[in-house]
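Count along the sequence shown starting at 1, add 700, and that's the number in the numbering used here.
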Amino acid sequence: MPDVQPFLGRLRPWVFVMTAALGSFSAHAALFGDDEARRAILELRQQRTLDKEAHAALSAQVDQLKRGLLEMNGQVEQLRADLARQRGQEELLLRDVAELQRRLKDAQTAQEERLRQLEPQTVAVDGKTFKAQAEEKRLFEEALAHLRAADFATGAAGLNKLLQNHPQTGYRESAWYWLGNAHYGLRAYKPAIQSFKKLADQAPDHARTPEALLSIGNCHLELKDNTSARKVLEQLIKQYPQTEAAQAARDRLLTMPKGK
């Protein structure tokens with residue numbers, strides 16, 4: 701068997717060198733691993749610090765957004781309240797405008813009615829059509845209303861006022877006739893005859909003239925003047941033979957005593 705001792709003797713220095721080299725490599729490797737770990741830890745710490753700062757910044761942004769939202773909600777509620785108040789004011793304004801328009805319309809209608817009353821109106825009385833002022837129409841109609849209520853004095857006063865204020869009124873003939881009736885109702889027979897006679901003399905074609913002549917005859921009878929009554933009744937029958945007044949005159953003549 702060959703002698704290995706010389707070989708081992710020569711190998712030992714190399715083993716020593718290799719062992720030393722390996723030891724040195726392990727030491728370097730361990731040192732390199734610790735540095736990497738420390739850098740990783742530092743980086744992790746830095747990352748955590750950055751994360752905390754980012755989280756804090758994000759939290760601050762979230763808080764700011766929350767405050768902004770709260771402010772916006774407050775502003776929205778304020779706008780809603782302002783809008784509701786404005787709508788309420790608009791509704792009040794619209795009601796006020798509508799009320800004002802209604803009042804203006806009523807005032808305009810009233811004004812037009814007053815102007816219409818002041819304007820001459822076409823009226824038809826006792827078969828006669830003519831233009832009459834508002835006052836003429838009012839005085840005549842009020843006087844007739846008093847006569848229908850047997851208030852002969854007030855009716856006569858109204859008719860006299862009409863004839864005095866409007867001597868050429870289209871109501872003139874009818875006013876004479878009704879004034880005669882008012883005096884007759886007051887048993888003022890002579891003034892009644894005067895009124896009826898104006899109608900008979902100045903308007904022989906008027907629709908009320910036959911009745912006026914009959915009333916004149918009645919006034920003479922009330923005054924116990926049968927002769928004058930007979931004369932007027934005969935005149936009535938002669939001038940207006942086909943009228944109801946003429947027939948009444950015939951009946952009256954049959955019952956009248958002869959002479960005065």
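Glycine is no exception: its CB is placed at the ideal position from the N, C-alpha and C atoms.
What span of residues does the beta strand (DSSP E) with residue i cover, start to end?
i	result
Thr-829	828 to 832
Thr-854	Thr-854 -> not in any beta strand (DSSP E); alpha helix (DSSP H) instead, spanning 852 to 865.
Ala-882	Where Ala-882 is concerned, there is no enclosing beta strand (DSSP E), although the alpha helix (DSSP H) it sits in stretches over 872 to 885.
Gln-868	Note, Gln-868: premise wrong, no beta strand (DSSP E); not H, not E.
Ala-849	Ala-849 -> no beta strand (DSSP E), and no H or E assigned at all.
Looking only at its chain, what residues have a beta carbon closer than 7 Å to the beta carbon of residue i, apart from the 5 residues adjacent to it on each side?
i	result
Arg-950	Ile-937
Lys-861	Leu-839
Ala-799	The residue asked about is misnamed: residue 799 is Glu in this sequence, not Ala. Excluding positions up to five away in sequence, the list is empty.
His-846	Thr-854, Gly-855, Gly-858
Thr-822	Thr-829, Lys-831
Arg-930	Leu-953, Met-956
Arg-872	Leu-863
So the alpha helix (DSSP H) residue i belongs to, where does it begin and stop?
i	result
Ala-892	889 to 902
Thr-955	944 to 955
Gln-935	926 to 939
Pro-909	Going by the sequence as given, residue 909 is Thr instead of Pro. It spans 909 to 922 - the alpha helix (DSSP H) in which Thr-909 sits, taken as one unbroken run.
Please report the Cβ distance between residue i and residue j, rounded to the nearest whole angstrom; I am assuming they are in contact, meaning their Cβ atoms lie under 8 Å.
i	j	result
Arg-838	Ser-874	Contact doesn't hold; Cβ gap of about 15 Å is too wide.
Gly-961	Ala-832	No statement about residue 961 is possible, as the shown extent of the chain runs from 701 to 960 and does not include it.
Ser-915	Gly-880	6 Å
Leu-899	Tyr-884	Not a contact, Cβ separation roughly 13 Å.
Leu-913	Gln-935	6 Å
Leu-818	Ala-834	6 Å
Excluding five sequence neighbours on each side, which residues of the same chain lie with their C-beta closer than 6 Å to the C-beta of residue i?
i	result
Asp-826	Ser-874, Ala-907, Arg-908
Glu-911	Ala-945
Phe-830	Gly-870
Ser-738	First, the amino acid is wrong: residue 738 is Arg here, not Ser. Cβ neighbours of Arg-738 beyond the five flanking positions: none.
Ala-757	none
Take residue i and list the residues in its own chain whose beta-carbon comes closer than 8 Å to its own, dropping the five residues that flank it on each side.
i	result
Leu-923	Tyr-889, Lys-890
Gln-868	none
Ala-948	Leu-914
Glu-842	Gly-858
### Task
Report yes or no: do the region 874 to 889 and the region 902 to 921 share at least 3 C-beta pairs separated by less than 8 Å?
yes
### Query
Using 8 Å as the threshold, is the region 805 to 820 in touch with the region 843 to 858, meaning 3 or more CB pairs across them?
no
### Message
Please give the ranges of any beta strand (DSSP E) in the region 744 to 809, keeping only runs that are unbroken, at least 3 residues long and fully inside the region.
### Response
none
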